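See below for the structure under consideration.
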């Protein structure tokens, strides 16, 4: 029973760590666009002309729906004032705790997640290779006898 749980843990961890790695890398790149040679956060607003007309294409129906749902989460369920929890969550996502800028801590957390997931993937692959070699040796040993 314990052996099956360990195997399940190994495979679930290996598969989900790939998704975690993608999330950590893309989150870091979104938080620090200069890492890929893009403009800094907030400078993209300069693309919108002052007269209110957008130089960018209008969002698709799907994007509008997502934007509206995101706005509803920020406002209350009744469309009124934003909930305090939504404000705290948005602030944490943007690297703020109250009035303090902690974006550096978010960057460190993203880098730590990248390092931990890469090392976890490496160790999982090594463990799978050891298990495969042990199984081969057992199979070879049983066929010889």
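Numbering (full-length UniProt numbering), first residue to last: 1 to 145.
Cβ coordinates follow ideal geometry from the N, Cα and C atoms, glycine included.
Quantities reported herein were computed from a predicted structural model and do not represent experimental measurements.
Report the CB separation of residue i from residue j in whole angstroms; it is logged as a contact under 8 Å.
i: residue 114; j: residue 31; result: Rounded, the Cβ-Cβ distance is 13 Å, inconsistent with contact.
i: residue 13; j: residue 120; result: 7 Å
i: residue 10; j: residue 127; result: 7 Å
I'd like the span of the alpha helix (DSSP H) that includes residue i, first residue to last.
i: residue 106; result: 103-144
i: residue 83; result: Here residue 83 belongs to no alpha helix (DSSP H), and DSSP marks it neither H nor E.
i: residue 32; result: Counting along the chain, residue 32 falls outside any alpha helix (DSSP H), and DSSP gives it neither H nor E.
Figure out for me which residue from the options has the closest Cα to the Cα of residue i.
i: residue 7; options: 33, 83 and 132; result: 132
i: residue 103; options: 86, 4, 29 and 17; result: 29
i: residue 34; options: 84, 135 and 107; result: 107
i: residue 19; options: 122, 100, 117 and 95; result: 117
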